[in-house]
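Sequences listed follow chains A and B, in order.
1 is the number of the first residue of the first sequence in the numbering used here; add one for each residue after it.
231 is the number of the first residue of the second sequence in the numbering used here; add one for each residue after it.
In this text, a Cβ means the ideal position worked out from N, Cα and C, and glycines have one as well.
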Amino acid sequence: MNASDHNRWSEDLAAFVLGALEREEAAAVERHLEGCARCQEEMRWLAPALQTLPESVERLEPPPQLRESLMAEVREDARAARAPARPARTRSWGWLLKPAAGFAVVALLVAGVVGYEVGKDGSGGGEGGGTTVERQLGDIDVKMVQEGNSGTLELAGVHQLPPDKVLEAWVERDGQVEAVPALFVPDREGQAETRIADMSGVAVVMVTEEPQGGSDQPTGEPIMTMKVPS
Amino acid sequence: MAVRREKAERLADEDLMPLVGRKDPEAFEVLFDRHGGAAYSLAYRIVGDRAAAEEVTQEAFISVWRSGARFDATRGSVRSWLLSVVRNRAIDFLRSRAGKAPKLTFDDDSVLEQRPAQERTEEEALQRETSAELRGALGKLPGEQSKVIELAYFGGFSHSEIAQMLNLPMGTVKGRMRLGLEKIRGDLAEGLA
Chain A
1 MNASDHNRWS
11 EDLAAFVLGA
21 LEREEAAAVE
31 RHLEGCARCQ
41 EEMRWLAPAL
51 QTLPESVERL
61 EPPPQLRESL
71 MAEVREDARA
81 ARAPARPART
91 RSWGWLLKPA
101 AGFAVVALLV
111 AGVVGYEVGK
121 DGSGGGEGGG
131 TTVERQLGDI
141 DVKMVQEGNS
151 GTLELAGVHQ
161 LPPDKVLEAW
171 VERDGQVEAV
181 PALFVPDREG
191 QAETRIADMS
201 GVAVVMVTEE
211 PQGGSDQPTG
221 EPIMTMKVPS
Chain B
231 MAVRREKAER
241 LADEDLMPLV
251 GRKDPEAFEV
261 LFDRHGGAAY
271 SLAYRIVGDR
281 AAAEEVTQEA
291 FISVWRSGAR
301 FDATRGSVRS
311 WLLSVVRNRA
321 IDFLRSRAGK
331 APKLTFDDDS
341 VLEQRPAQER
351 TEEEALQRET
361 SAELRGALGK
371 LPGEQSKVIE
381 LAYFGGFSHS
391 EIAQMLNLPM
401 GTVKGRMRLG
411 LEKIRGDLAE
421 GLA
């Protein structure tokens, strides 16, 4: 491509980043960009200029009802997305004792329960009349806060997960294992937290590493297992 | 819930996006609290009235909530991506309201100055300071360059529509767009913007 050819494309780039080209013209620029390192470099150079435009407008405070209405829709959406999966995700706790689950799982379950027994002194009244249980299970510090019928499981010292993995909590209730709907991930400091909406009858809480989107049943070894005081 | 919120607040935007993709309302709420003001202001600048700006902002954020996984960190910041979603929604809104494209029989100054008088508050005044500096970058351009850039970006007009409005050759419009963006970019590089 000679200099005059390049200038033709170069002239179109500003209009392209401003969204001011007609559809066919924009498609032609996109095709050209795929094979032209010089134009790609020019695009990268121009991009910050474009970013100043939305930042240049007079700043207004959004009305409070916008946030309320938006978050109401979002929370409803989140509830709807999680609700259908729950009934199918109940399973007998007995799978943990199957050979396929491995001794490590059983050992961890036992370790968790022992951890509870050993660390009984860590139990105490929480704020607002709730119950707080704190344990150290291996490298992980576990804090289970129960307020009324719900609970919050807080973990510290959790290792970082690969991008395709999440943490999933499970509760054992009446001999059945149920998935806790909210999947969670540790933050940069290794802290992770999930909420258990219904703690009634829960005897054991466990957390496993699962593929993104969660699993119908635990597929990995628990990173922690803890007996819940009745 | 308060603890979850506190943790989300400590995360960078780029780290919130995977959580939004996994439908975490607290992460999304933090994202809105960080960028909702800029998004609403941009929508208002484009559509010109508060009710429509509210509608556009809500639609844009809902589309982000439902398609958070589409964010590509290699192509820019979360904020610039969010604002581009808002800008596109607002331009679509203008076009649907106009029947197709924004009006062509126009007084360009009325399009560029469609900022109704606001009730000014001290808080708003403080929040506007940063924007005022950036407005300076656009304001430093020769009028002929800032006009074509504003018509394209905030009005959603194509270069051929702008050429028709201003009675200029299309090449001149594209040239002014280029000179204007290059000037802003140059000022940014020199720390003058």
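- Under DSSP, A:R135 shares a beta bridge with A:V142.
- According to the DSSP assignment, A:Q160 belongs to no beta strand (DSSP E), since it is labelled neither H nor E.
- Using beta-carbon distances, A:L53 counts as an interface residue toward chain B, with a partner under 8 Å.
- Among the residues facing chain A, B:G421 is not included, as its CB has no counterpart in that chain under 8 Å away.
- Listed in chain order, the non-local C-beta contacts of B:S376 below 6 Å within the same chain comprise L368, local neighbours out to five positions each way being set aside.
- Residues of chain B with a Cβ closer than 8 Å to the Cβ of A:W170 do not exist; the shortest Cβ-Cβ separation is about 17 Å.
- Boundaries of the alpha helix (DSSP H) around B:R280: 280 to 296.
- The beta-carbon of B:E259 is placed less than 8 Å from the nearest beta-carbon of chain A.
- Look at the region 245 to 256 of chain B: the residues with a C-beta under 9 Å from a C-beta of chain A are D245, P248, L249, G251, R252, K253, D254, P255.
- Excluding five sequence positions before and after A:P211, the CB atoms of its chain that fall closer than 8 Å to its own CB belong to D164, K165, V166, T219, given in chain order.
- In this chain, the alpha helix (DSSP H) harbouring B:E244 covers 243 to 251.
- The C-alpha of B:A257 lies about 18 Å from the C-alpha of A:L155.
- Its chain contains I140, L167, P186, G190, Q191, A192, I223 as the residues whose beta carbon lies nearer than 8 Å to that of A:V158, once the 5 sequence neighbours on both sides are disregarded; these appear in chain order.
- Annotation: B:S293 has no Cβ neighbours in chain A at a cutoff of 9 Å; minimum Cβ distance is about 12 Å.
- For A:E68, the secondary structure class from DSSP, reduced to helix, strand or coil, is helix.
- Cβ proximity to chain B below 7 Å picks out E61, P62, P63, L66, R67, S69, L70, M71, E73 from the region 61 to 73 of chain A.
- In the DSSP assignment, A:T225 falls within the beta strand (DSSP E) that extends over 222 to 227.
- In chain A, no part has a C-beta under 9 Å from the C-beta of B:E239; the shortest such distance is about 11 Å.
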